[in-house]
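S.K.:
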DNA sequence: AACCCGGGGCC
DNA sequence: GGCCCAGGGTT
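In the UniProt record's numbering, the protein residues as written are 1 to 366.
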């Protein structure tokens, strides 16, 4: 940390703050969560923005705020409705934790989002970034909010060569931002850093020529802006073969399954499916056995309708899709029978939305 | 410290 | 196809 301190000692911190904040106040984008400083709105936006781009978040944020405009609304909302509002955003534990935390605020803080680091950081799903971001933006408290954007910007400003993929590296950047941050306008400072990372100091082609803080940038001075930040590579995803069944009965009902409350895609709904293995049995036979022995339904399956590929960060699903007609259901089935109308209210992962889209394109088959 | 947890858009 | 994104929780 000593070398970082020496770099900071050589910086014109007041000038950097001024140039950054001045630029941010002029050039900031109009975004729905910037309409006011309502801590609940800021909080929801920060959770949605975790690992998710601004353009993706905007429509979700607007719909979410229409449905759950206050802490009380979200605290008392039906969990399935909340999941449905998050459908397609990914990282679904974010919204499960958010609702749990908002319930805590409703019950223990009279619905007022706490304004101290100690209290706010204890809430579910609130880590060092989110607590710093919400407390600075909504309550104007001078805490660092170090995300990927900020690590990229600061690694260039100070010419820091530590691997930002390593967890402990974030401490170096929190130390640096803690010394750089404006005590007068911490909200504008933090948002300015992130805005700069999004608009100017981008990963592969930083626009240094028009950067408002280019005269403060060590990487530019050294000509190494394209080499920073240093980030080690992640391993490639592994592939899994799956088979899934879109099942109807003669009354037109669908049969769906709720995923477990932990792990991948927790609490979301899906068409019954299993991981298939190469061997003597065909995929269709494995799926038939699974439906009968595990899922608790007997069904006649058609031929392979098609395949879906879905890529996660660490995983690839190759799903063979079959359509089928349910002939009998056991009492202890793990499937839920729903009408096609009711089906619309259940939150499905995108992979299974793709399967449903296949079914809608072949209505004669089902 | 390493791994898990989604999805989309850009190059 | 690889990389990145306004990260946090679990082990």
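Beta carbons: idealized from backbone N, C-alpha and C, even for Gly. These numbers come from a predicted model, not from an experiment.
Under DSSP, the beta strand (DSSP E) around residue 219 begins and ends at which residues?
M.R.: For this step, residue 219 is matched to residue 219 along the first chain. First-last for residue 219: 218 to 222, but that is the alpha helix (DSSP H), not the beta strand (DSSP E).
S.K.: For residue 406, which option in 227, 40 and 60 has the closest C-alpha, if you only look at C-alpha atoms?
M.R.: Since the first residue shown for the chain is 1 and the last is 366, residue 406 is missing from the structure and cannot be characterised.
S.K.: Taking only the alpha-carbon atoms, compute the straight-line gap between residue 365 and residue 342 and give it to the nearest angstrom.
M.R.: As a working mapping, residue 365 is identified with position 365 in the first chain. As a working mapping, residue 342 is identified with position 342 in the first chain. Bear in mind that a pLDDT of 47 at residue 365, under 50, signals an unreliable position, so the model cannot answer this.
S.K.: Going by DSSP, what residues sit across from residue 270 in a beta bridge?
M.R.: Translated into positions along the first chain, residue 270 becomes position 270. Residue 270 is bridged to 257.
S.K.: Identify which residue in 312, 320 and 335 has its Cα closest to the Cα of residue 277.
M.R.: Reading the first chain from its first residue, position 277 is the one you call residue 277. Selected option, being the one with the closest Cα: 320.
S.K.: Taking only the alpha-carbon atoms, compute the straight-line gap between residue 227 and residue 152 and give it to the nearest angstrom.
M.R.: Stepping through the first chain from its first residue, residue 227 is reached at position 227. Stepping through the first chain from its first residue, residue 152 is reached at position 152. C-alpha separation (whole angstroms): 11 Å.
S.K.: Span of the beta strand (DSSP E) holding residue 140?
M.R.: Residue numbering aside, residue 140 sits at position 140 when the first chain is read from its first letter. Here residue 140 belongs to no beta strand (DSSP E), and DSSP marks it neither H nor E.
S.K.: Residue range of the alpha helix (DSSP H) that residue 243 falls in?
M.R.: Position 243 of the first chain holds residue 243. Unbroken run through residue 243 is the beta strand (DSSP E), 238 to 248; no alpha helix (DSSP H).
S.K.: Tell me the residue span of the alpha helix (DSSP H) that contains residue 325.
M.R.: Walking along the first chain from the start, residue 325 turns up at place 325. First-last for residue 325: 315 to 329, but that is the beta strand (DSSP E), not the alpha helix (DSSP H).
S.K.: Spatial neighbours of residue 283 within its chain, please: C-beta separation below 7 Å, excluding the five flanking residues on both sides.
M.R.: The residue labelled residue 283 in the question sits at position 283 within the first chain. Once the five neighbours on either side are set aside, the close Cβ partners of residue 283 are 243, 276 and 320.
S.K.: Does the region 148 to 166 touch the region 183 to 196, meaning 3 or more C-beta pairs lie closer than 8 Å?
M.R.: Segments in contact, yes.
S.K.: Which residues mark the beginning and the end of the beta strand (DSSP E) in which residue 301 is found?
M.R.: Residue mapping note: residue 301 aligns to position 301 of the first chain, counting from 1. Looking at the DSSP string, the run of the beta strand (DSSP E) that includes residue 301 is 297 to 301.
S.K.: Which runs of the alpha helix (DSSP H) spanning at least 4 residues fall entirely within the UniProt domain "HhH-GPD" (48 to 199), listed in chain order?
M.R.: The UniProt domain "HhH-GPD" (48 to 199) contains these whole alpha helix (DSSP H) runs: 54 to 67, 71 to 75, 79 to 86, 93 to 108, 117 to 121, 128 to 139, 148 to 158, 169 to 180 and 186 to 199.
S.K.: How close, in whole Å, do the beta carbons of residue 42 and residue 138 come, if the pair is a contact with beta carbons under 8 Å?
M.R.: The residue you call residue 42 lines up with position 42 of the first chain. The residue you call residue 138 lines up with position 138 of the first chain. Yes, residue 42 and residue 138 are in contact; Cβ-Cβ is about 4 Å, under 8 Å.
S.K.: For a test of the three-state rule: what should DSSP assign to residue 350, helix, strand or coil?
M.R.: What you label residue 350 is simply residue 350 of the first chain in a count that begins at 1. Residue 350: helix per DSSP, three-state reduction.
S.K.: What residues in its chain sit with their C-beta under 6 Å from that of residue 188, if we drop five residues either side in the sequence?
M.R.: Along the first chain, read from residue 1 onward, the residue named residue 188 stands at position 188. Excluding sequence neighbours, residue 188 sits near 21 and 24.
S.K.: Using DSSP's beta-bridge definition, name the partner residues of residue 338.
M.R.: As a working mapping, residue 338 is identified with position 338 in the first chain. According to DSSP, which records beta bridges pairwise, residue 338 is partnered with 254.
S.K.: Count the C-beta pairs between the region 242 to 260 and the region 294 to 301 that are closer than 8 Å, then say yes if the count reaches three, no if not.
M.R.: Contact between the region 242 to 260 and the region 294 to 301 is present, because at least three Cβ pairs lie under 8 Å.
S.K.: Per DSSP, what kind of secondary structure is residue 277 in: helix, strand or coil?
M.R.: In the first chain, counting from the first residue as 1, residue 277 sits at position 277. Reduced to three states, the DSSP call for residue 277 is coil.
S.K.: Under the three-state reduction of DSSP, which class applies to residue 365: helix, strand or coil?
M.R.: Numbered from its first residue, the first chain carries residue 365 at position 365. Only weak support is given to the placement of residue 365: the predicted model assigns it a pLDDT of 47, under 50, and the value that follows is read from those uncertain coordinates. Residue 365 falls in the helix class under three-state DSSP.
S.K.: Which residue wins for smallest C-alpha separation from residue 176, given the options 167, 67 and 160?
M.R.: For the purposes of this step, residue 176 is taken as the residue at position 176 of the first chain. The residue with the shortest Cα to Cα distance from residue 176 is 160.
S.K.: Using beta-carbon positions only, say whether residue 89 and residue 115 come within less than 8 Å of one another.
M.R.: Counting from one through the first chain, the residue named residue 89 turns up at place 89. Counting from one through the first chain, the residue named residue 115 turns up at place 115. Contact: no.
S.K.: Could you work out which residue in 93, 346, 56 and 220 is closest to residue 229 when comparing CA atoms only?
M.R.: Counting from 1 along the first chain, the entry for residue 229 is found at position 229. It is 220 whose Cα lies nearest to the Cα of residue 229.
S.K.: Ignore the nearest five residues each way along the sequence and tell me which others in residue 168's own chain have a CB closer than 8 Å to its CB.
M.R.: If you number the first chain from 1, residue 168 lands on position 168. Nothing listed; no residue qualifies.
S.K.: Residue 306 by DSSP, collapsed to three states: which one?
M.R.: Within the first chain, residue 306 is the residue found at index 306, counting from 1. If DSSP states are grouped into helix, strand and coil, residue 306 belongs with the strands.
S.K.: Run through DSSP, which three-state label would residue 311 get?
M.R.: If you number the first chain from 1, residue 311 lands on position 311. Residue 311: strand per DSSP, three-state reduction.
S.K.: Between residue 335 and residue 256, how many whole angstroms is the CB-CB distance? I'm expecting something under 8 Å.
M.R.: As a working note, residue 335 is residue 335 in the first chain. As a working note, residue 256 is residue 256 in the first chain. The pair is a contact, with the Cβ atoms about 7 Å apart (cut-off 8 Å).
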